[in-house]
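**Student:** Residue numbers (our numbering), protein chains in the order written: chain S, 2 to 191; chain P, 417 to 589.
Virtual Cβ for every residue (Gly too), placed ideally from N, Cα, C.
1) With a threshold of 7 Å between beta-carbons, can residue 6(S) be considered close to chain P, or not?
2) Spell out whether any CB of chain P is found under 7 Å from the CB atom of residue 22(S).
3) Can you pull the chain S residues whose beta carbon is under 7 Å from the beta carbon of residue 582(P), in chain order?
4) In angstroms with no decimal places, state the Cα-to-Cα distance between residue 442(P) and residue 432(P).
5) Would you tell me roughly how many angstroms separate the C-alpha atoms of residue 606(P) and residue 573(P), rounded to the nearest one?
6) Suppose you measure from the CA of residue 427(P) to the CA of residue 417(P); what does that come to, to the nearest Å?
7) Rounded to whole angstroms, what is the Cα-Cα separation between residue 18(S) and residue 31(S)?
8) Output the boundary residues of the alpha helix (DSSP H) element that contains residue 458(P).
9) Given a threshold of 16 other Cβ atoms within 10 Å of its Cβ, counted over all protein chains shown, does residue 560(P) qualify as buried or as exposed?
10) Give the C-beta separation of residue 429(P) and residue 20(S) to the nearest angstrom, bearing in mind that I take them to be a contact with Cβ-Cβ under 8 Å.
11) Could you check if residue 577(P) is buried or exposed, using at least 16 other CB atoms within 10 Å of its CB as the buried criterion?
12) May I have the straight-line CA-CA distance separating residue 474(P) from residue 438(P), to the nearest angstrom?
13) Which residues in the same chain as residue 420(P) place their Cβ atom closer than 7 Å to its Cβ, once the five residues preceding and following it in sequence are excluded?
14) If we ignore side chains and look at the alpha-carbon of each, how far apart do residue 526(P) and residue 13(S) end up?
15) Any residues in the segment 447-460 of chain P with a beta carbon nearer than 7 Å to a beta carbon of chain S? Which ones, in chain order?
16) Please state if the CB of residue 557(P) and the CB of residue 548(P) are separated by a distance shorter than 7 Å.
17) Can you tell me the Cα-Cα spacing of residue 516(P) and residue 568(P), whole angstroms?
18) Less than 7 Å between the beta carbons of residue 564(P) and residue 539(P), yes or no?
19) Cβ closer than 8 Å: which chain S residues qualify as neighbours of residue 597(P)?
20) For residue 422(P), which residues in chain S fall below 8 Å Cβ to Cβ?
21) Give me the subset of the segment 428-449 of chain P whose CB atoms are less than 7 Å from a CB atom of chain S, sorted by chain position.
22) Starting from residue 531(P), find everything on chain S with Cβ-Cβ shorter than 8 Å and list it in chain order.
23) When DSSP labels each residue in this structure, what does residue 21(S) get in the three-state scheme?
24) Consider the Cβ of residue 516(P): report whether some Cβ of chain S lies at a distance smaller than 7 Å.
25) Under 8 Å between beta-carbons, which chain S residues line up against residue 552(P)? List them in chain order, please.
26) Please report the distance separating the alpha-carbon of residue 4(S) from that of residue 571(P).
27) Per DSSP, what kind of secondary structure is residue 551(P) in: helix, strand or coil?
28) When the Cα of residue 24(S) is compared with those of 471(P), 425(P) and 519(P), which residue comes out closest?
29) Restricting to Cα atoms, I'd like to know which of 435(P), 434(P) and 468(P) is closest to residue 449(P).
30) Do residue 528(P) and residue 575(P) have their beta-carbon atoms positioned less than 7 Å apart in this structure?
31) Straight-line CA distance for residue 115(S) to residue 480(P)?
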């Protein structure tokens with residue numbers, strides 16, 4: 002290596018100015034703080050409603066690793082196939098639309114797990130799931146409520162869903178943290 | 417937050433080599449800072465705390481990603497330009513990038529950093545931007561001291577090559 006050039010490079014690196022942070026970083030942080038508070042509140046109410054069985058909220062989009070989901074035995078599942086696999090009771094989710102999960106304390110569980118950037122992506126016919134990294138465009142999507150219909154073969158879901166989900170949807174909507182929509186947030190992400 | 421956001425973002429972006437991930441890390445850093453707002457507010461070492469948390473979070477993220485996406489990373493690293501090849505030895509003038517303004521120079525260097533392989537970029541950034549001693553870098557990255565030194569040296573050599581290429585390209589525009 003050219004020693005003189007190396008010295009020059011070291012000098013450049015030493016004096017290199019900081020990169021400007023992207024615009025809106027501060028507002029996104031504040032937004033997320035608000036959302037955590039909101040998720041905590043809604044999670045607590047859902048937990049109470051579910052008699053302690055539902056311990057938190059779980060996000061579907063980035064949650065391809067189901068072992069994590071089972072450690073948080075509730076229930077944000079926007080994808081009915083995943084719901085069936087998880088054998089979850091309350092198949093209703095509060096979603097921020099990709100990239101973030103909150104447990105019952107409002108802690109963003111994505112940041113604690115390597116599956117954070119995985120997506121379970123329904124194909125256009127809704128039958129296949131494609132795993133892959135989410136790259137961009139997944140932040141700052143409005144809240145959505147994902148709503149999975151009862152799955153044959155999952156008796157727990159069949160039994161608990163109708164009454165509970167209706168109340169949950171009302172709760173979430175009343176809390177003002179969500180728009181109610183028929184699809185999973187994965188649709189919005191992709 | 418305004419006072420530190422450039423520093424936090426820069427640290428994360430230069431380590432991660434990926435702006436989207438750096439933004440995520442920066443968000444997470446400030447969320448943690450808000451959790452500890454009472455202590456940090458009065459602390460004279462808030463900047464240092466933020467920098468350390470940023471570095472650790474970025475490295476954690478990179479470690480997780482490396483484990484998970486080892487296969488993809490290896491494929492990506494089979495790039496067109498083999499930066500580690502000992503055969504590549506560009507002649508670089510000592511007037512490196514002097515024709516450029518400070519902002520343009522920063523952009524070129526940041527862009528070049530992004531193209532370094534991770535095992536060179538990490539120790540190089542920790543050494544040159546975080547002023548971390550070799551030994552600490554070795555511990556942090558879980559590699560030998562000799563490897564840290566070699567990677568930093570090779571990283572700088574690769575960076576020079578990349579800067580020369582991008583500098584020439586810009587000049588010819």
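**Tutor:** Result, derived from the coordinates:
1) Judged by the 7 Å Cβ criterion, residue 6(S) is in contact with chain P.
2) The beta-carbon of residue 22(S) is placed less than 7 Å from the nearest beta-carbon of chain P.
3) Using a Cβ-Cβ cut-off of 7 Å, residue 582(P) is close to nothing in chain S; its nearest Cβ partner there is about 13 Å away.
4) In this structure, the alpha-carbon of residue 442(P) lies about 11 Å from that of residue 432(P).
5) The structure shown does not extend to residue 606(P), since chain P is modelled only from 417 to 589, so the question has no answer here.
6) For residue 427(P) and residue 417(P), the gap between their C-alpha atoms comes out near 15 Å.
7) Note on geometry: alpha-carbon atoms of residue 18(S) and residue 31(S) lie some 26 Å from one another.
8) Where residue 458(P) is concerned, there is no enclosing alpha helix (DSSP H), given that its DSSP letter is neither H nor E.
9) Exposed is the call here.
10) Taking a contact as a CB-CB distance under 8 Å, the pair residue 429(P) and residue 20(S) counts as one, their CB atoms being some 6 Å apart.
11) Residue 577(P) should be labelled buried.
12) Between residue 474(P) and residue 438(P), the C-alpha separation is close to 8 Å.
13) So the list reads 463 and 466, once near-sequence residues are dropped.
14) Inter-residue distance for residue 526(P) and residue 13(S) is about 11 Å (C-alpha atoms, whole angstroms).
15) Per Cβ criterion, the list reads 447 and 450.
16) At the C-beta level, residue 548(P) and residue 557(P) stay beyond 7 Å of one another.
17) Computed Cα separation, rounded: 25 Å.
18) Taking C-beta atoms as the reference points, residue 564(P) and residue 539(P) count as a pair closer than 7 Å.
19) The displayed coordinates of chain P run from 417 to 589. Any statement about residue 597(P) would go beyond what the structure contains.
20) 19, 20, 21 and 22, listed in chain order.
21) Look at the segment 428-449 of chain P: the residues with a C-beta under 7 Å from a C-beta of chain S are 429, 436, 439, 442, 443, 444, 446 and 447.
22) Against chain S, a Cβ distance below 8 Å from residue 531(P) picks out nothing, because the smallest value is about 15 Å.
23) Three-state DSSP puts residue 21(S) in coil, outside helix and strand.
24) Among the residues facing chain S, residue 516(P) is not included, as its CB has no counterpart in that chain under 7 Å away.
25) Listed along chain S is no residue with a C-beta nearer than 8 Å to that of residue 552(P); the closest approach is about 18 Å.
26) Near 14 Å, if we compare the C-alpha coordinates of residue 571(P) and residue 4(S).
27) Residue 551(P) falls in the helix class under three-state DSSP.
28) Distance check between residue 24(S) and each of 471(P), 425(P) and 519(P) places 425(P) closest, using alpha-carbon atoms only.
29) Residue 468(P) is the option with its Cα nearest to residue 449(P).
30) Contact flag set, yes.
31) Residue placement at residue 115(S) is poorly supported in this model, since its pLDDT is 31, which falls under 50; the coordinates are not used for a value here.
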